[in-house]
Amino acid sequence: MRRLREGELPSPHPTFQLRQMTHDDLPAVMAIEAVAFRNPWSLELLRRELSHEWSTILLVEEPLPQGGLRLLGFSIFWIVHDEVHILNVATAPEQRRRGVARVALEATLARGRERKCTLATLEVRRSNEAALNLYKGFGFRAVGIRPNYYADEGEDAIVMVLDL
Ligand SMILES: CC(C)(COP(=O)(O)OP(=O)(O)OC[C@H]1O[C@@H](n2cnc3c(N)ncnc32)[C@H](O)[C@@H]1OP(=O)(O)O)[C@@H](O)C(=O)NCCC(=O)NCCS
Numbered sequence: 042m043r044r045l046r047e048g049e050l051p052s053p054h055p056t057f058q059l060r061q062m063t064h065d066d067l068p069a070v071m072a073i074e075a076v077a078f079r080n081p082w083s084l085e086l087l088r089r090e091l092s093h094e095w096s097t098i099l100l101v102e103e104p105l106p107q108g109g110l111r112l113l114g115f116s117i118f119w120i121v122h123d124e125v126h127i128l129n130v131a132t133a134p135e136q137r138r139r140g141v142a143r144v145a146l147e148a149t150l151a152r153g154r155e156r157k158c159t160l161a162t163l164e165v166r167r168s169n170e171a172a173l174n175l176y177k178g179f180g181f182r183a184v185g186i187r188p189n190y191y192a193d194e195g196e197d198a199i200v201m202v203l204d205l
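The sequence shown lines up with residues 42 to 205 when you count with the working numbering.
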């Protein structure tokens, strides 16, 4: 097996590599954030997230043929007491349906288990079929609805939980 680079985390995928985000990654993460969401996080919000010790941003990258790594996607989550709360999962549009989000989520849940969390929670737009399928595939179940949760269109959020 290939030796892990400094800061690299074990990955369940043969070519996708995992590591924690740093300030140097802000432009690349912002670029995906901006195209993946109707109301993307601001640079300031992301920067602040990096300073919170309860928050983690995991990056999924892949080596480029010419060297270096390309950012494919990421997950943002909080670990508070015994709960992993997933705030954001996104994949670059041209990299979708390759299993990037699945790897990001697997690593997120593994981190939660390592930290002795017993529950993972998240909110997802009712219309977000891709994300709903992704989460259901991990065994997340819908436990409630937050009406008009997304202020832009007044869309409902589905609250999902998974016992770890
Ligand atoms: C949702 C999202 C993160 C999925 O990323 P991805 O890397 O393409 O997902 P994966 O390739 O890991 O797919 C894992 C599973 O999710 C489901 N899924 C992913 N995209 C899907 C789609 N467009 N339609 C239906 N199901 C989908 C499938 O069950 C898929 O498994 P399969 O490919 O074996 O059928 C991606 O579409 C995205 O970035 N969307 C915009 C941001 C967003 O809505 N994030 C989630 C809310 S926080």
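Virtual Cβ for every residue (Gly too), placed ideally from N, Cα, C.
How about residue i: is its Cβ closer than 7 Å to a heavy atom in ligand 1?
i, result
"L59", "no"
"N169", "yes"
"N80", "no"
"R187", "no"
"A69", "no"
"G114", "yes"
"A172", "yes"
"L175", "yes"
"A142", "yes"
"A131", "yes"
Please name the residue in the options whose C-alpha comes closest to that of residue i.
i, options, result
"L100", "R138, W82 and S52", "S52"
"F181", "R167, M201 and D197", "M201"
"T97", "L87, P104 and F118", "F118"
"W95", "A133, I127 and D65", "I127"
"R4", "L50, I73, P68 and P55", "No information on residue 4 is available, as it lies outside the stretch 42 to 205 that the chain covers here."
"E4", "P104, V144, K157 and L110", "Nothing in the structure corresponds to residue 4, since the chain is present only between 42 and 205."
Measure the alpha-carbon distance for residue i versus residue j and round it to whole angstroms.
i, j, result
"Q58", "A77", "21 Å"
"Y176", "E47", "30 Å"
"P188", "T162", "17 Å"
Please check the pair residue i and residue j, which I expect to be a contact at CB under 8 Å, by giving their CB distance rounded to whole angstroms.
i, j, result
"T149", "V141", "Not really, about 13 Å apart at Cβ, beyond 8 Å."
How about residue i: is its Cβ closer than 7 Å to a heavy atom in ligand 2?
i, result
"V202", "Summarising the ligand content, the structure contains ligand 1 and does not contain ligand 2."
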